[in-house]
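Protein chains in written order, with the UniProt record's numbering: chain A, 1 to 230; chain B, 1 to 220. For each residue, glycine too, the CB sits at the ideal point set by N, CA and C. Input: a single structure, listed below in structure tokens.
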Amino acid sequence: MENIFHKIINIEAAMEHFYDGMTIMFGGFGGIGTPPTIIDGILEKGIKDLTLIGNDSGFPHIGIGKVVSRGKAKKMIASHIGSNPIAGQLMTDGKMKVEFSPQGILAERIRAGGAGIPAILSDIGMDNDIVTGDKQRCILNGKEYLVETALTAEISIVFAKKADPYGNLIYDKSARNTNPLVAMAGDMTIAEVEEIVPLGSLEPDEIITPGVFIDYIVPSKGVNWKWAWE
Amino acid sequence: MGMGVEVRNRIAKRAAEEIKNGMIVNLGIGIPSLVPNHLPECTKVMFHAENGITGMGPSPEKGKEDENLCNAGGFPVSAVKGASYCDSAVAFGMIRKGRVDMTILGSLQVSEKGDLANWIVPGKKVPGMGGAMELAQKAKKVIVLMNQTDKHGNSKIMKECTLPLTSANCVDMIITDMAVFQISDEGLKLMELFAPHSVNEVRAKTGCSFTIAENIRVIG
């Protein structure tokens with residue numbers, strides 16, 4: 001494949017950008033749409049003390065859950081960790097901090113990060129200490145709101161169905177989920193893709209994530225975990 | 001909860017009566033997931049999944065599952081004619097903007113004012129709220145399907161919830177194994193009974209007082 005934008009790299013080259021203590025934002029919902037080859041790359045490199053931002057903690061053997069279960073994260077920002085009992089245990093034992101954000105507000109915080117907006121105003125969970133914490137409040141047109149800060153990361157990792165060499169992406173059905181938002185919010189974004197197609201073969205109208213947001217493209221080796229329903 | 005299949009289906013069937021043609025409906029896990037089985041053929045509904053599907057259809061047959069077409073619980077589903085996929089921000093935009101007509105979910109407790117407590121199980125680790133708060137707070141109608149009592153026989157409908165709230169003052173209707181309640185500004189009202197339960201029996205198993213509709217329907 002022609003690589004005129006120098007974005008297509010192999011997994012080994014991609015992993016050079018990962019290091020201990022960094023913040024990684026990941027696409028996916030219950031592991032669906034989380035990039036399997038990059039997850040394995042993170043495990044092989046053995047980086048630790050990570051801050052992970054994403055919808056949930058996957059399952060112990062699925063998606064970001066593989067990284068979490070091995071104790072590689074010091075902190076998670078997620079909407080729930082219910083499908084990964086090991087994440088719950090790490091939190092209870094004080095080995096991993098978890099900041100919970102309501103699912104759609106988490107998505108908006110990520111979207112704000114990717115859109116260059118510092119924060120959003122929200123009225124979700126205002127009567128709940130776990131949501132409100134010590135967040136700033138503000139009054140707008142006589143109504144009180146929570147200030148929910150934007151989220152960004154040193155690296156965003158996403159999983160797409162197809163990319164062209166510019167990094168224009170399309171996703172596969174419900175595996176889209178948080179990926180287009182996460183793709184925008186990384187200081188650097190690496191897209192793992194099932195297929196790389198020639199420039200011009202994706203219809204401009206069908207592209208979900210413009211390649212502007214994608215720094216590197218890594219060919220996927222495919223999902224190598226067993227789904228909960230299998 | 002030890003609730004038999006028949007009872008679960010009876011609750012689901014009653015909940016299905018609330019769904020009208022053209023609605024956008026979000027279903028929680030457990031008994032709510034049985035509701036589509038009880039919809040008449042002619043009722044066209046778009047089922048909404050917060051992971052980005054509008055127009056979710058039933059589970060495919062074994063061997064035809066698509067790992068990238070799953071509901072919010074991570075289990076394979078299908079897409080009906082007219083379905084669409086979107087990202088998570090759009091999926092929740094539909095909820096917060098008030099485009100989701102109804103959410104049907106399970107609960108641990110509901111108060112007489114319609115406070116919902118369904119996200120923290122006592123003595124267990126806090127698993128996170130997921131999308132529950134937004135659905136409870138912003139769906140146009142919130143219907144709770146649950147047992148009348150917990151496994152110790154204590155009423156799950158009470159004056160004040162003792163568990164942390166998912167959202168205050170949001171539940172419009174409760175359907176239990178014994179009865180159907182409506183919650184409005186006037187408070188909790190018993191509307192219907194599942195045979196063979198009586199008003200007195202329901203009263204004995206409800207942790208707060210309630211008014212009684214004039215013409216109580218008895219569901220056989």
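Beyond the five residues adjoining it in sequence on each side, A168 of chain B comes within less than 6 Å, by CB distance, of D115 in the same chain, given in chain order.
From the beta-carbon of C70 of chain B, the residues of chain A found nearer than 9 Å are F29, G30, I32, K173, S174, A175, W227 and W229. Excluding residues up to 5 positions away in sequence, L193 and A195 lie with their Cβ nearer than 6 Å to the Cβ of V218 of chain B in the same chain.
At a cut-off of 8 Å between C-beta atoms, I81 of chain A counts as an interface residue with respect to chain B. Interface flag for M133 of chain B against chain A is set, since a Cβ pair is found closer than 8 Å.
When rounded, the separation of the alpha-carbon atoms in N55 of chain A and Q103 of chain A is 7 Å. If you keep only unbroken beta strand (DSSP E) runs of at least 3 residues inside the segment 123-207 of chain B, you get 141-145, 173-175, 179-184 and 187-194. Contact annotation, I39 of chain A with K66 of chain A: C-beta distance approximately 6 Å; criterion of less than 8 Å satisfied.
Under the 10 Å beta carbon count, K221 of chain A is surrounded by fewer than 16 other beta carbons and is classified as exposed. Assignment of I29 of chain B by DSSP, reduced to helix, strand and coil, places it in the coil class. Going by DSSP, F159 of chain A is part of the beta strand (DSSP E) stretching over A153 to A163. With a 10 Å radius around the Cβ and a threshold of 16 neighbouring Cβ atoms, R96 of chain B comes out buried. Straight-line measurement puts the Cα of F47 of chain B at about 10 Å from the Cα of M102 of chain B. It is roughly 5 Å from the alpha-carbon of C86 of chain B to the alpha-carbon of G52 of chain B. Contact check for I117 of chain A against L169 of chain A fails: the beta carbons are separated by 8 Å or more. For F100 of chain A, the nearest beta carbon of chain B is closer than 8 Å to its own beta carbon. For D115 of chain B, the three-state secondary structure derived from DSSP is coil.
With respect to M56 of chain B, G106 of chain B sits apart: the two C-beta atoms are not nearer than 8 Å. Relative to the Cα of S174 of chain A, the nearest Cα in the group B:V35, B:G28, B:C70 and B:E65 belongs to B:C70. A Cβ of chain B is located within less than 8 Å of the beta carbon of P180 of chain A. Not a single CB atom of chain A sits nearer than 8 Å to the CB of F47 of chain B. Annotated three-state conformation of V45 of chain B is coil, per DSSP. The Cβ neighbour count for V212 of chain A, taken over all protein chains shown within 10 Å, is under 16; the residue is labelled exposed. Here the C-alpha atom of K162 of chain A lies approximately 43 Å from the C-alpha atom of E17 of chain B.
Any Cβ of chain A closer than 8 Å to the Cβ of Q109 of chain B would place that residue at the interface, and such an atom is absent. Between the segment 175-183 of chain B and the segment 134-148 of chain A there are fewer than three inter-stretch CB-CB distances shorter than 8 Å, so the stretches are not counted as touching.
Taking a Cβ-Cβ threshold of 7 Å, the residues of chain B close to I124 of chain A are M133, E134 and Q137, in chain order.
Against chain B, the beta carbon of A160 of chain A has no neighbour under 8 Å; the closest one sits roughly 11 Å away.
Shortest Cα-Cα distance from I155 of chain A to any of A:W227, A:N177, A:F18 and A:G125 involves A:F18.
With contacts defined as CB atoms closer than 8 Å, V202 of chain B and L190 of chain B qualify as a contacting pair. Using beta-carbon distances, D127 of chain A counts as an interface residue toward chain B, with a partner under 8 Å. Taking the Cα of K44 of chain B as reference, the smallest distance to any Cα among B:K64, B:I19 and B:S33 is reached at B:I19.
Within the segment 91-107 of chain B, the residues whose Cβ lies closer than 7 Å to any Cβ of chain A are, in chain order, F92, I95 and R96. When the five nearest sequence neighbours on each side are left out, the beta carbons in the same chain lying within less than 7 Å of the beta carbon of P210 of chain A are those of N168, in order along the chain.
Chain order gives no chain B residues near N141 of chain A, where near means a beta carbon separation below 7 Å; the closest approach is about 17 Å.
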